[in-house]
Amino acid sequence: MQNLEEELKHIHPTETTVALREPTVDDGAAMWRLARDSKTLDLNSSYAYLLWARDFARTSVIVTVDGEPAGFVTGYVRPDEPTTLMIWQVAVDHAYRGQRLASRMLAHLAERHPGCTHVETTITSDNTASIALFMSFASAQGAPVDVRTVFPAEAFPDGRDAELVFRIGPLA
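According to our numbering, the stretch in the sequence shown is residues 898 to 1069, in order.
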């Protein structure tokens, strides 16, 4: 497998420094912009991303290319299931899509949390990109996937689609 810097050279030949790390409060604004620009994520307030970067940094990751934020994954360990890492949002800048950054961030989080034997996320049935990402992650982990409705459409007061929970694990 090529390293991530090699994979990105054909898009940005001069940008070769790629880093995966915990977000800091200084990343909160960039995380908000990445979520906004994704056009698919539910956009939380900028305050929420600042809090997330402060309070959930250990269970989240940001990827930078030459020091600039290119994507993030936010997550938390479920209080009622301390062996389950719940992934809240995944965002990758449009310029870096198709370069497996999201996959790398998920794998990085799984490696950072060996006590978490399962990963969960919720996805609407029409979000084929996210479904493909998490199914690929499960395959790479050699883990089964259990999919079921966690929040039916009727549960949302604002007319949203049902959310499916993808429970992946146990991780290999």
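Quick reminder that beta carbons are idealized off the backbone N, C-alpha and C, glycines included.
Simplified DSSP assignment, three categories, for residue i
i: I1065; result: strand
i: F1031; result: helix
i: E1017; result: strand
i: A1059; result: coil
i: Q1038; result: helix
i: E912; result: Interpretation of E912 is limited by its pLDDT of 47, a score under 50 that renders its predicted location unreliable; no figure is taken from the coordinates.
i: T971; result: strand
i: T961; result: strand
i: R918; result: strand
i: T981; result: strand
Spatially closest choice to residue i from the options, by CA coordinates
i: F1048; options: L1061, D1055, G925 and S942; result: L1061
i: H991; options: L1068, D934 and A1052; result: D934
i: D1023; options: A916, T921, V922 and L938; result: L938
i: G964; options: V922, V915 and R930; result: V915
i: V1016; options: R1064, T1046 and T921; result: R1064
i: A945; options: A967, V922 and V958; result: V922
i: S1077; options: A1007, E978 and Q986; result: It is not possible to answer for residue 1077, since the shown part of the chain is limited to 898 through 1069.
i: V974; options: T1025, G1012, A1029 and A1035; result: G1012
i: A988; options: V960, T956 and E1008; result: V960
i: I1020; options: S957, F1053 and D1058; result: D1058
i: Q976; options: K936, T956 and P966; result: The sequence given here has Pro at residue 976, not Gln. Taking only the C-alpha atoms, the option nearest P976 is T956.
Presumed contact (8 Å Cβ cut-off) between residue i and residue j, rounded CB distance
i: I984; j: G995; result: Not really, about 20 Å apart at Cβ, beyond 8 Å.
i: A1040; j: L1068; result: 5 Å
i: A1004; j: A1037; result: 7 Å
i: F969; j: M1032; result: About 21 Å; that fails the 8 Å criterion.
i: G925; j: A950; result: 4 Å
Residues bridged to residue i [DSSP beta-bridge criterion]
i: R1045; result: V1062
i: Q986; result: T971
i: P966; result: T961
At which residue ranges does the stretch 923-950 contain complete alpha helix (DSSP H) runs of 4 or more residues, listed in the order of the chain? 925-935
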